[in-house]
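Going letter by letter, the sequence shown gives residues 1 to 331 in UniProt numbering.
Even for Gly, the Cβ is constructed at its ideal location relative to N, Cα and C.
Note that this is a predicted model, so its numbers are computed, not measured.
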Amino acid sequence: MSDTLLDVRHLSRRFDVSAPWLNRKIEGKDKVYVNAVKDVSFTVERGKTFALVGESGSGKSTIARLIVGLLEPTEGEIVFDGTSLARGLRGAEARRLRRRFQMIFQDPLASLNPRWRVTDIIAEPLRVFEKSMNDCARRLRVGELLTLVGLSPEDGVKFPHQFSGGQRQRIAIARALAAKPEFIVCDEPTSALDVSVQAQILNLMKDLQDEFGLTYVFISHNLQVVRHMADEIGVLYLGRLAEVAPAEALFATPQHPYTRMLLDAVPDIEMTGRRRKPVEGEIPSPIDPPPGCPFHPRCPFANDRCRIEIPGLTRRGDQAAACHAVEEGRI
Ligand SMILES: Nc1ncnc2c1ncn2[C@@H]1O[C@H](COP(=O)(O)OP(=O)(O)OP(=O)(O)O)[C@@H](O)[C@H]1O
Numbered sequence: 001m002s003d004t005l006l007d008v009r010h011l012s013r014r015f016d017v018s019a020p021w022l023n024r025k026i027e028g029k030d031k032v033y034v035n036a037v038k039d040v041s042f043t044v045e046r047g048k049t050f051a052l053v054g055e056s057g058s059g060k061s062t063i064a065r066l067i068v069g070l071l072e073p074t075e076g077e078i079v080f081d082g083t084s085l086a087r088g089l090r091g092a093e094a095r096r097l098r099r100r101f102q103m104i105f106q107d108p109l110a111s112l113n114p115r116w117r118v119t120d121i122i123a124e125p126l127r128v129f130e131k132s133m134n135d136c137a138r139r140l141r142v143g144e145l146l147t148l149v150g151l152s153p154e155d156g157v158k159f160p161h162q163f164s165g166g167q168r169q170r171i172a173i174a175r176a177l178a179a180k181p182e183f184i185v186c187d188e189p190t191s192a193l194d195v196s197v198q199a200q201i202l203n204l205m206k207d208l209q210d211e212f213g214l215t216y217v218f219i220s221h222n223l224q225v226v227r228h229m230a231d232e233i234g235v236l237y238l239g240r241l242a243e244v245a246p247a248e249a250l251f252a253t254p255q256h257p258y259t260r261m262l263l264d265a266v267p268d269i270e271m272t273g274r275r276r277k278p279v280e281g282e283i284p285s286p287i288d289p290p291p292g293c294p295f296h297p298r299c300p301f302a303n304d305r306c307r308i309e310i311p312g313l314t315r316r317g318d319q320a321a322a323c324h325a326v327e328e329g330r331i
């Protein structure tokens, strides 16, 4: 059995943002596109966590939605446990595969139906995927799931608004686990929570991963959050992967100048004496990205080649960076 559960191959997704009523034209073209995700490839090993990190607008949520099938790719392919999640996968095969992966969103209040009791929210996937389960067995299973995420079976009679943000995310996790998935895409699951609550939810997710052998794609704009969650990290910039590396290596020996900039901006809570520097410059518009390396306008190492040629990911040991300066040994 292969250890690769998810294989994302040359994934691209563009959105038509022409808005003719705005008369928006770039270089006289009638159609205007945002390349939200461009030629992204990575693999996720069974039982591991792959984190995608990047600033707002770098394409994280688009990748999450592509993986779980909420969006169709413009190009590329997603292979889940050897089966391509090709366009138009329907019927029993689609249902069997869908059951194996779930998604947790940033804002549990928006993803939980406010008019439903918690029991009904968590039981919904059981109704879809465990059609033969009777009411009594379903209630028992919901109680087990609530206990598993640190709530009590009695909480099932309440409505989502009766819980705190952290408790609501626990409910969302219980619902995601109901169908016994192997793989969960977590899109900024703790970003809306207080720091102390964030740590509790991250610990819960780690415990559940150990207990059930779950595989995660974990999306965050915050490198510190993914540091203790991820086995491997992909750093996204303007829809492209700038660097992919094992978590420890990324923090110890960041390769790409953008990763270095992000790490320099992380508060030095471990008192290593490193000076904190803010992230400089702004992410360019994805509607009209710069030619060559998308990071070159902010990069202190950019030369003429960087301004013309898009760098591909080049592997050095177990780290890979899309950077001409790294490849040429200039940094
Ligand atoms: N449905 C859509 N229509 C048009 N443009 C879109 C759509 N969805 C995303 N985009 C654009 O694609 C780019 C990537 O967006 P995405 O939400 O994936 O980024 P993100 O890294 O998740 O950002 P954030 O952290 O702010 O959620 C952005 O420029 C965004 O405006």
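Beta-carbon contacts of residue i that lie in its chain and below 7 Å, excluding the five residues immediately before and after
{"i": "residue 168", "result": "108, 109, 112, 160"}
{"i": "residue 223", "result": "53, 262, 263, 266"}
{"i": "residue 271", "result": "Residue placement at residue 271 is poorly supported in this model, since its pLDDT is 46, which falls under 50; the coordinates are not used for a value here."}
{"i": "residue 55", "result": "221, 283"}
{"i": "residue 59", "result": "36, 37, 236, 239"}
{"i": "residue 310", "result": "292, 293"}
{"i": "residue 125", "result": "175, 178, 179"}
{"i": "residue 286", "result": "34, 35, 36, 57, 238, 239"}
Euclidean distance between Cα positions of residue i and residue j
{"i": "residue 180", "j": "residue 188", "result": "21 Å"}
{"i": "residue 208", "j": "residue 103", "result": "15 Å"}
{"i": "residue 319", "j": "residue 184", "result": "24 Å"}
{"i": "residue 128", "j": "residue 142", "result": "14 Å"}
{"i": "residue 157", "j": "residue 226", "result": "34 Å"}
{"i": "residue 15", "j": "residue 254", "result": "31 Å"}
{"i": "residue 313", "j": "residue 123", "result": "43 Å"}
{"i": "residue 100", "j": "residue 6", "result": "12 Å"}
{"i": "residue 246", "j": "residue 118", "result": "38 Å"}
{"i": "residue 243", "j": "residue 152", "result": "42 Å"}
{"i": "residue 139", "j": "residue 34", "result": "46 Å"}
{"i": "residue 233", "j": "residue 219", "result": "10 Å"}
{"i": "residue 165", "j": "residue 105", "result": "12 Å"}
{"i": "residue 216", "j": "residue 197", "result": "20 Å"}
{"i": "residue 3", "j": "residue 46", "result": "5 Å"}
{"i": "residue 135", "j": "residue 281", "result": "57 Å"}
{"i": "residue 210", "j": "residue 178", "result": "17 Å"}
{"i": "residue 18", "j": "residue 30", "result": "7 Å"}
{"i": "residue 251", "j": "residue 146", "result": "36 Å"}
{"i": "residue 296", "j": "residue 9", "result": "25 Å"}
{"i": "residue 121", "j": "residue 130", "result": "15 Å"}
{"i": "residue 288", "j": "residue 299", "result": "18 Å"}
{"i": "residue 57", "j": "residue 148", "result": "34 Å"}
{"i": "residue 205", "j": "residue 212", "result": "11 Å"}
{"i": "residue 170", "j": "residue 194", "result": "14 Å"}
{"i": "residue 84", "j": "residue 321", "result": "27 Å"}
{"i": "residue 182", "j": "residue 290", "result": "39 Å"}
{"i": "residue 333", "j": "residue 328", "result": "Coverage of the chain is limited to positions 1 through 331, which leaves residue 333 absent and any answer about it impossible."}
{"i": "residue 97", "j": "residue 155", "result": "31 Å"}
Residue interval of the alpha helix (DSSP H) (run including residue i)
{"i": "residue 250", "result": "247 to 252"}
{"i": "residue 408", "result": "There is no way to answer for residue 408, as the model of the chain reaches only from 1 to 331."}
{"i": "residue 173", "result": "165 to 178"}
{"i": "residue 205", "result": "195 to 212"}
{"i": "residue 101", "result": "No alpha helix (DSSP H) contains residue 101, which is instead part of the beta strand (DSSP E) from 101 to 104."}
{"i": "residue 225", "result": "223 to 227"}
{"i": "residue 119", "result": "118 to 129"}
{"i": "residue 304", "result": "304 to 308"}
{"i": "residue 145", "result": "135 to 148"}
{"i": "residue 298", "result": "Where residue 298 is concerned, there is no enclosing alpha helix (DSSP H), given that its DSSP letter is neither H nor E."}
{"i": "residue 65", "result": "60 to 67"}
{"i": "residue 153", "result": "Note, residue 153: premise wrong, no alpha helix (DSSP H); not H, not E."}
{"i": "residue 192", "result": "It is not in any alpha helix (DSSP H) - residue 192 carries neither H nor E in the DSSP assignment."}
{"i": "residue 111", "result": "108 to 111"}
Host beta strand (DSSP E) of residue i (start-end)
{"i": "residue 45", "result": "33 to 45"}
{"i": "residue 187", "result": "183 to 187"}
Those residues which DSSP pairs with residue i across a bridge
{"i": "residue 13", "result": "37"}
{"i": "residue 234", "result": "52, 244"}
{"i": "residue 8", "result": "42, 78"}
{"i": "residue 314", "result": "321"}
{"i": "residue 217", "result": "50, 185"}
{"i": "residue 84", "result": "79"}
Beta-carbon contacts of residue i that lie in its chain and below 6 Å, excluding the five residues immediately before and after
{"i": "residue 325", "result": "301, 331"}
{"i": "residue 65", "result": "71"}
{"i": "residue 259", "result": "235, 243"}
{"i": "residue 323", "result": "256, 311"}
8 Å CB neighbourhood of residue i in its chain, flanking five on each side removed
{"i": "residue 114", "result": "159, 160, 161"}
{"i": "residue 11", "result": "37, 39, 40, 41, 63, 66, 73, 75, 76, 77, 78"}
{"i": "residue 202", "result": "190, 225, 228, 229"}
{"i": "residue 86", "result": "77"}
Check: residue i C-beta below 6 Å from any heavy atom of ligand 3
{"i": "residue 215", "result": "Ligand 3 is not part of this structure, which contains only ligand 1."}
Residue-chain proximity (residue i, chain E), Cβ-Cβ < 7 Å
{"i": "residue 231", "result": "Considering every chain present, this structure includes no chain E. It has just one protein chain."}
(Q) Quick check on the contact list: which residues have their beta carbon closer than 6 Å to a heavy atom of ligand 1? (A) 15, 17, 34, 36, 54, 56, 57, 58, 59, 60, 61, 62, 221, 286
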